[in-house]
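Asks: Please find one structure pasted underneath; my questions will follow.
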Ligand SMILES: [Ca+2]
Ligand SMILES: [Ca+2]
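Numbering (my numbering), first residue to last: 10 to 212.
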């Protein structure tokens, strides 16, 4: 009886060992890539911070002659927003913020460090030339709808951050933009007459 149990135990052990070997042979990458994945995950976390971005005004009037659009960049709490190097900031990889020291909001930290969203964590505020931002959006053929604005930049120690915000843009008086708005309305037929009136006004 004892012998039989021993044989059974040996047999079970052998089957378990064999299946482990065959698993290793079939999926060799399990052993190789897991440590690397963890490593690259850590690398991404340490070199790129995801910031909370809020851009104003929203909605943005693309025809408006307003001077600025304002971006509020909030880093995770463990980072100091004062360490953001403003000269490294780019809006949609294209537009630099206003850096001219003649403006108080460029040089005075009590003006550019604000808690705009009232959550107890300071944000770094930067302003961009509104005409440049509107031109960039219009150059993509966008005159009405939602636009994703992204701000990238670096801290003084080279750590990079990125944040995005979706804002509404519109172009008052633009007939095509108005038609696009009307096309979004579910009951299109109800607004057919309105569209005709708009078309008539433009011509
Ligand atoms: Ca927003
Ligand atoms: Ca805040």
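For glycine and all other residues, C-beta sits at the position ideal for the given N, C-alpha and C. Quantities reported herein were computed from a predicted structural model and do not represent experimental measurements.
On the three-state DSSP scale, how would you describe residue 48?
Replies: For residue 48, the predicted model reports a pLDDT of 39, less than 50, meaning its position is unreliable and no value from the coordinates is stated.
Asks: Please give me, in chain order, every unbroken run of the alpha helix (DSSP H) with length at least 4 that falls completely inside the region 108-174.
Replies: 113-116, 118-121 and 139-148, all fully within the region 108-174.
Asks: Look at the alpha carbon of residue 47 and the alpha carbon of residue 58, and state the distance between them as a whole number of angstroms.
Replies: Caution applies to residue 47, whose pLDDT of 35 falls short of 50 and renders its modelled position unreliable; the value that the coordinates give is listed next. For residue 47 and residue 58, the distance between alpha carbons rounds to 18 angstroms.
Asks: Using alpha carbons as the reference points, say which of 152, 112, 103 and 98 lies closest to residue 133.
Replies: Comparing Cα positions, the closest option is 98.
Asks: What number of angstroms, rounded off, separates the C-alpha of residue 92 from the C-alpha of residue 199?
Replies: Whole-angstrom Cα-Cα distance: 54 angstroms.
Asks: Taking 7 angstroms as the limit between beta carbons, can you name the residues of its chain near residue 193, skipping five residues before and five after?
Replies: So the list is empty, once near-sequence residues are dropped.
Asks: Does the region 128-142 come close enough to the region 71-89 that 3 or more CB-CB pairs lie under 8 angstroms?
Replies: Cβ pair count under 8 angstroms is three or more, so yes.
Asks: Could you check what DSSP says for residue 9 in three-state terms: helix, strand or coil?
Replies: Residue 9 falls outside the range modelled here, since the chain spans only 10 to 212, and no answer is possible.
Asks: For ligand 4, which residues count as neighbours when the test is a C-beta closer than 7 angstroms to any heavy atom?
Replies: In the structure on display, ligand 4 does not appear, and the ligands it does have are ligand 1 and ligand 2.
Asks: How would you write the range of the beta strand (DSSP E) that residue 104 sits in, first residue to last?
Replies: Neither: residue 104 is in no beta strand (DSSP E) and is coded neither H nor E.
Asks: Who does residue 100 pair with in a DSSP beta bridge?
Replies: Residue 100 pairs with 104 and 160.
Asks: Three-state secondary structure (DSSP) at residue 179?
Replies: Looking at residue 179 - three-state DSSP - the assignment turns out to be strand.
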